[in-house]
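Structure first, then comments.
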Amino acid sequence: MRSLILAILVCTAPAFAGAYDDFGRGIDANNRGNPSAAERYFTAALLQGDLAPAYRPMAHLGRARAFLHDRRCREAEDDLSDALKLKPDYVDAYNLRAETNHCLEHENAALADATAAIRLKPAAGYFYTRSRLYWHRSDFEDAHEDAIRALIADPGNSYFVLWNAVTGMRTGQPVRAELEAAEDTGGWPFPIIRLFLGKVSAEDVIRAADDRSDKLCEADFYIGQWRLAQGRDDEARTLFVRAQNECPRDFVAFEAATSELKRLP
Amino acid sequence: MKLWNLLAAALFAATAAAAPCTPQGYFDLEPDWYGGMTVPANIEGRHLALLVDTGGVTSMLTESTVAALGLPRRPITGARITLYGGKTLREFVRVPAIAVGASPLRNAAFFVMPDNRVPYALSGTLAPDVLSNYDVEFDFAKAKMMLYPAGSCPLEHALPLKPDEVHHLIANVELDGRHIDAFLDTGASRSDFSLETAQQMFGATLEAKKPALRADAEDGIYTYPFQQLTIGGIAVNGPDLLLVPDGIARRPSDSPRLVLGMNVLRHLHLFIAYSRGKIMITPAQTHRAE
Chain A
32 MRSLILAILV CTAPAFAGAY DDFGRGIDAN NRGNPSAAER YFTAALLQGD
82 LAPAYRPMAH LGRARAFLHD RRCREAEDDL SDALKLKPDY VDAYNLRAET
132 NHCLEHENAA LADATAAIRL KPAAGYFYTR SRLYWHRSDF EDAHEDAIRA
182 LIADPGNSYF VLWNAVTGMR TGQPVRAELE AAEDTGGWPF PIIRLFLGKV
232 SAEDVIRAAD DRSDKLCEAD FYIGQWRLAQ GRDDEARTLF VRAQNECPRD
282 FVAFEAATSE LKRLP
Chain B
8 MKLWNLLAAA LFAATAAAAP CTPQGYFDLE PDWYGGMTVP ANIEGRHLAL
58 LVDTGGVTSM LTESTVAALG LPRRPITGAR ITLYGGKTLR EFVRVPAIAV
108 GASPLRNAAF FVMPDNRVPY ALSGTLAPDV LSNYDVEFDF AKAKMMLYPA
158 GSCPLEHALP LKPDEVHHLI ANVELDGRHI DAFLDTGASR SDFSLETAQQ
208 MFGATLEAKK PALRADAEDG IYTYPFQQLT IGGIAVNGPD LLLVPDGIAR
258 RPSDSPRLVL GMNVLRHLHL FIAYSRGKIM ITPAQTHRAE
């Protein structure tokens, strides 16, 4: 059945496009946030058979990104395993397969893949992934340790500052110094950092989101965390439900809000 | 004695001039998360992936790579290096030995860059301070980069590059019938164009079609459906150019307002003759020998 679907997809690919052209279009589609086009182009690139061997792992990974965006977790996992067969030290494939295994609720496999990525390249982004996996398992101490590692490795990433604050608030660790050290560029998500510092209100953060759904969903999740830290669980629950409804499914805030709703009584 | 020296010099020059047009280095390129091209490197037994960055000045290593290698940092003096977006670099390291492909570099200087300026899988960049010692061929369709002895290969229908002291690739291109200098930057996954310059050049047309805000980019960045970009006689239809206000891009004032990144360059096959200030451009799916 899957072969038939793939064959149909190939027929809908643009005429005269070689595998390399389709591969490039797949990358551009993912970069532009168009997963259905990315899936179509990477599928065409892989099926044509003349794609340079160096591009095949990336074609599988790119298609897995597209599948995961649409929560097609099993198909994403197949592609990532294929990518790793072709390139066993492919750190991004391990990292994305960790996310994919979480999507499949294979939490131990997710943690193993995230750890494999860190062994290959102990970089901030991979610590951030593993921190979130610990968080989903309610292992807040380990989540905070990895959040600290991510922030130390990449102090300029404002989302790492926020995540460090979220995990720190949950474990009762001080996070104010890191929040104050964040370089305020004035743009998003700094209004949330200012909220955590007590400098602005939740309403100010919502206003700063400027009616953009991607920002509103993040605002809801982080304000929910802020409310949770204040013991205002009912308000937090409402905000997490809203984040779950508003956020694109491949957003960190979607997954994290989902975990919180499972935990809240 | 002087005669012998002269003869030796002449012989050396003749040998150098006759260096064959065969690659000294032959690299498998691998794409990163966003479609940038990387080459494998090795420092003290550690395997690293470096982004091939024709838009850089000096090759760089990320903060965490420098920390993992335990390399002592030194302050940068006598140069001001600013990254896209305005971030200034302040430190560099010396790497005793680094193997890039089969080519060893000794005591090379690498600037220290923040981790988040390249995808996390990467450890740094390879920039024109290294690349410009060679003639460089990018066969993107076959995922290959070749380094040739400088000046060893014949050039046909080559496009002149604007003189640039840091060996940036600046060539004149045609965008929807208007000529403009463009910066060819393999280190950029996307292409961008100064919003203000676009308004000056295409004022009425741009006004009529109204650039749209790009949902997949930072706040304040627009898009516009340009029809065609032509470079060295090769046309790229519907080039995807982001219109970025100068206040966001914070480009140096003397830098071209149009940057062509990998989403456009991927369509081309490039042979860069750094020492002669020229570039040969053909469609991606052709090869120099053909």
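Line by line, the protein sequences are chains A and B. Numbering-wise, the working numbering comes out as the position in the first sequence, counting from 1, plus 31. Numbering-wise, the working numbering comes out as the position in the second sequence, counting from 1, plus 7. We treat Cβ as the ideally placed atom computed from N, Cα and C, and that holds for glycine. Here the structure is a predicted model, which means the values were calculated and not measured.
>> Between A:D173, A:R294 and A:A147, which has its C-alpha nearest Q204 (chain A)'s C-alpha?
In response: Out of A:D173, A:R294 and A:A147, the CA that lies nearest to the CA of Q204 (chain A) is found in A:D173.
> What residues match up with P38 (chain B) in a beta bridge as DSSP calls it?
Replying inline: Answer is B:M44, bridged to P38 (chain B).
>> Less than 8 angstroms between CB atoms is the rule here; does G156 (chain A) satisfy it with respect to chain E?
In response: In the structure shown, chain E does not exist; the protein chains are A and B.
> Ordered along the chain, which non-local residues of its own chain (more than five positions away) have a Cβ less than 7 angstroms from that of R87 (chain B)?
Replying inline: Excluding sequence neighbours, R87 (chain B) sits near T95.
> At a cut of 8 angstroms, does the region 26-44 of chain B reach the region 168-178 of chain B through at least three beta carbon pairs?
Replying inline: They do not touch, by the three-pair rule.
> Roughly how many angstroms lie between the CA atoms of I50 (chain B) and A50 (chain A), to the nearest whole one?
Replying inline: If you take the alpha carbons of I50 (chain B) and A50 (chain A), they lie about 34 angstroms apart.
> My guess is that A85 (chain A) and A150 (chain B) are in contact by the Cβ rule of under 8 angstroms, so how many angstroms apart are they, rounded?
Replying inline: About 4 angstroms separates the two Cβ atoms, so the contact holds.
>> Quick check on T95 (chain B): does DSSP put it in helix, strand or coil?
In response: Note: T95 (chain B) maps to strand in three-state DSSP.
> What three-state label does DSSP hand P167 (chain B) in the structure shown?
Replying inline: Strand at P167 (chain B).
> So who's on the other strand from Q312 (chain B), going by DSSP bridges?
Replying inline: The question about residue 312 (chain B) has no answer here: the residues shown for chain B are numbered 8 through 297.
> Going by alpha carbons, who is nearest to A75 (chain A) out of A:G55, A:D177 and A:A145?
Replying inline: When the alpha-carbon of A75 (chain A) is set against those of A:G55, A:D177 and A:A145, the nearest one is in A:G55.
>> Considering only their Cβ atoms, is the gap separating L77 (chain A) from A95 (chain A) smaller than 8 angstroms?
In response: Their beta carbons are not under 8 angstroms apart, which means A95 (chain A) does not touch L77 (chain A) by this criterion.
> Shortest alpha-carbon distance to I238 (chain B) belongs to which of B:T230, B:S260, B:H164 and B:L202?
Replying inline: Out of B:T230, B:S260, B:H164 and B:L202, B:H164 has the C-alpha closest to the C-alpha of I238 (chain B).
> Curious, which full-length alpha helix (DSSP H) runs of at least 4 residues does the region 115-172 of chain B contain?
Replying inline: Segments of the alpha helix (DSSP H) lying fully in the region 115-172 of chain B: 135-138.
> Where does R101 (chain B) fall in DSSP's three states?
Replying inline: DSSP, reduced to helix, strand and coil, places R101 (chain B) within a strand of the structure shown.
> Would A44 (chain A) count as contacting chain B if we go by Cβ distances under 8 angstroms?
Replying inline: With a pLDDT of only 35 at A44 (chain A), under 50, the local geometry of the prediction cannot be trusted, and the value read off the model is given with reservation. For A44 (chain A), the answer is no, since every Cβ of chain B falls outside 8 angstroms of its Cβ.
> Do you know whose CA, among A:A97, A:A147, A:E214 and A:F227, lies nearest N62 (chain A)'s CA?
Replying inline: Scanning A:A97, A:A147, A:E214 and A:F227 for the CA closest to the CA of N62 (chain A) turns up A:A97.
>> Can you check whether the C-beta of N71 (chain B) is within less than 8 angstroms of a C-beta belonging to chain A?
In response: Checking the sequence, you will find Ser at residue 71 (chain B) rather than Asn. Cβ-Cβ to chain A under 8 angstroms: yes for S71 (chain B).
>> Using a Cβ-Cβ cutoff of 9 angstroms, what residues of the region 113-135 of chain A are near chain B? List them in chain order.
In response: Listed by position, the residues of the region 113-135 of chain A near chain B (Cβ gap below 9 angstroms) are K118, D120, Y121, V122, D123 and N126.
>> 8 angstroms is my cut-off, CB to CB: does M200 (chain A) come that close to chain B?
In response: False, the Cβ-Cβ gap to chain B never drops below 8 angstroms.
>> My output table needs one value for S262 (chain B): the three-state DSSP class, helix, strand or coil.
In response: S262 (chain B): coil per DSSP, three-state reduction.
> Q207 (chain B) to A141 (chain A), Cα distance in whole Å?
Replying inline: Annotation: Q207 (chain B) to A141 (chain A) spans about 52 angstroms, alpha carbon to alpha carbon.
> Hey, is I149 (chain A)'s beta-carbon within less than 8 angstroms of any beta-carbon in chain B?
Replying inline: False, the Cβ-Cβ gap to chain B never drops below 8 angstroms.
>> List, in chain order, every chain B residue whose beta-carbon is nearer than 7 angstroms to that of K230 (chain A).
In response: Per Cβ cutoff of 7 angstroms: no residues; K230 (chain A) is ~21 angstroms from chain B at best.
> Using a Cβ cut-off of 7 angstroms, which residues of the region 263-275 of chain B contact any Cβ in chain A, in chain order?
Replying inline: Result list: N270 and R273.
> From P279 (chain A) to V272 (chain A), what distance separates their C-alpha atoms?
Replying inline: Cα to Cα, P279 (chain A) sits roughly 13 angstroms from V272 (chain A).
> So which residues on chain A does L96 (chain B) lean against when the C-beta distance must stay under 9 angstroms?
Replying inline: Chain A residues near L96 (chain B): none, gap ~13 angstroms exceeds 9 angstroms.
> Counting only beta-carbon atoms, is P161 (chain B) nearer than 8 angstroms to chain A?
Replying inline: It does not: the Cβ of P161 (chain B) has no partner Cβ on chain A nearer than 8 angstroms.
> Within the 8 angstroms Cβ cut-off, does A104 (chain B) reach chain A?
Replying inline: Look at A104 (chain B): its C-beta is not under 8 angstroms from any C-beta on chain A.
> Where does T72 (chain B) fall in DSSP's three states?
Replying inline: In this structure, T72 (chain B) counts as helix in the three-state DSSP scheme.
> By the 10 Å Cβ neighbour count, where 16 or more other Cβ atoms means buried, how is T216 (chain A) classified, buried or exposed?
Replying inline: Its Cβ having fewer than 16 others within 10 Å, T216 (chain A) is exposed.
> Can you tell me where the beta strand (DSSP E) with A280 (chain B) in it begins and where it stops?
Replying inline: L275 to A280 is the extent of the beta strand (DSSP E) around A280 (chain B).
> Mind pulling the chain A residues with CB within less than 8 angstroms of K149 (chain B)?
Replying inline: Ordered by position in chain A, the residues that pass the 8 angstroms Cβ test against K149 (chain B) are A83.
> If you count every other CB in all the chains shown that lies within 10 Å of the CB of A134 (chain B), and 16 or more means buried, which is it?
Replying inline: Buried: at least 16 other Cβ atoms inside 10 Å.
> Among the residues of its own chain, which have a CB less than 6 angstroms from the CB of S34 (chain A), if the five just before and after it don't count?
Replying inline: Confidence in S34 (chain A) is poor, its pLDDT being 42 and thus under 50, which makes the residue's placement unreliable; the coordinate value appears in the next sentence. Here the set comprises nothing.
> I think F200 (chain B) touches R264 (chain B), with their Cβ atoms under 8 angstroms apart; what is that distance to the nearest whole Å?
Replying inline: With 8 angstroms as the limit, F200 (chain B) and R264 (chain B) qualify as a contact, their Cβ atoms being about 6 angstroms apart.
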